[in-house]
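In what follows, a single structure is set out as structure tokens and then discussed.
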Amino acid sequence: MMSYADLEREIDRGARPELLRDWVLAVLDDVAGGRRPLLAVRHPLGFTCLPVNRSGPDGICVHAWPAEPPAVQPTTSTMHSHSWDLLSHVLHGQVRNELIEVTEAPADPAWRVYEVHSRGDVDEMVATDRLVTAATAAVETHSAGNSYALRAGGFHTSEVDLGKPAVTVALGRTTPGLSDLSLGAVDGRSHRTHRERCDAAETARMAREIAQLLARG
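Count along the sequence shown starting at 1, add 201, and that's the number in the numbering used here.
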């Protein structure tokens, strides 16, 4: 079993992508065989998360975007920022990150900032007093074999093209004092949303399907 530090080192080096791929395949085999007791979560932003290790401030997940992702209809928007630094390696397909520049604009806002407080499968979306505008600062596309990092607090979107599935291994390191954020309607209110957690059989099926994608290269 590779630790967070092991995976971080291999992603930073970029010299042995096959090692990352083989490790993820071994994890998926354990999930499919019921030897690793985790349940997949359908994220409201359109991908499936397999939480390999989420027991502390450092998290390890496998993220998979299906070829035909469900229509994403978040209650706020797809523009968000993490309370943790993300280091991700693309194992299959392509992931497109749009980096968003957010500017304070209390007099003429386009968006309100919402804090996201996650407790289990419930996300509490808390409307703040912060009013802003948002503009695309850069668009980055990362293909299989490439890695990318997103700093904590940086607004962005992450998407794949329709019909082109993608798989990543994602590392997250919590930054104390920060909250997960999302941009939503200026006149919106605080509310709650629920993430869909899969059962063991569905999780095993997803693990097998992701492994088949990786096996095809």
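Ideal Cβ placement from N, Cα and C applies to all residues, glycine included.
Just so you know, these numbers come straight off a predicted model, no measurement behind them.
Are the CB atoms of residue j and residue i within a distance shorter than 8 Å?
i	j	result
alanine 412	valine 291	no
alanine 311	threonine 276	no
leucine 379	glutamate 316	no
leucine 239	proline 252	yes
threonine 342	arginine 297	yes
histidine 357	leucine 300	yes
serine 289	serine 204	no
Mind checking residue i: buried by the 16 CB within 10 Å criterion, or exposed?
i	result
histidine 264	buried
leucine 208	buried
aspartate 324	buried
serine 256	exposed
histidine 283	buried
leucine 384	buried
valine 314	buried
serine 319	exposed
If you compare alpha carbons, which of the options is closest to residue i?
i	options	result
glycine 260	Glu410, Arg374 and Arg409	Arg374
leucine 221	Leu384, Ser256, Pro307 and Val370	Val370
valine 303	Leu226, Asn347, Ala336 and Ser204	Ala336
alanine 241	Val228, Ala227, Leu226 and Ala408	Ala408
glycine 294	Met280, Ala233 and Pro267	Pro267
alanine 350	Ser319, Thr376, Leu372 and Val361	Leu372
proline 377	Gly354, Met202 and Ser289	Gly354
alanine 308	Asp286, Leu332 and Asp322	Leu332
glutamate 269	Trp285, Gly364 and Gly346	Gly364
glycine 321	Ala416, Arg417 and Arg396	Arg396
How about residue i: is its C-beta nearer than 8 Å to some C-beta of chain C?
i	result
threonine 337	Among the chains in the structure shown there is no chain C, since it carries only a single protein chain.
If residue i sits next to residue j, beta carbons under 8 Å apart, how far is it from one beta carbon to the other, in whole angstroms?
i	j	result
arginine 237	valine 228	7 Å
Say whether the region 377 to 395 touches the region 325 to 338, bearing in mind that this needs 3 or more beta-carbon pairs closer than 8 Å, one atom from each stretch. Using a C-beta cut-off of 8 Å, the region 377 to 395 makes contact with the region 325 to 338, since at least three inter-stretch Cβ pairs fall below that distance.
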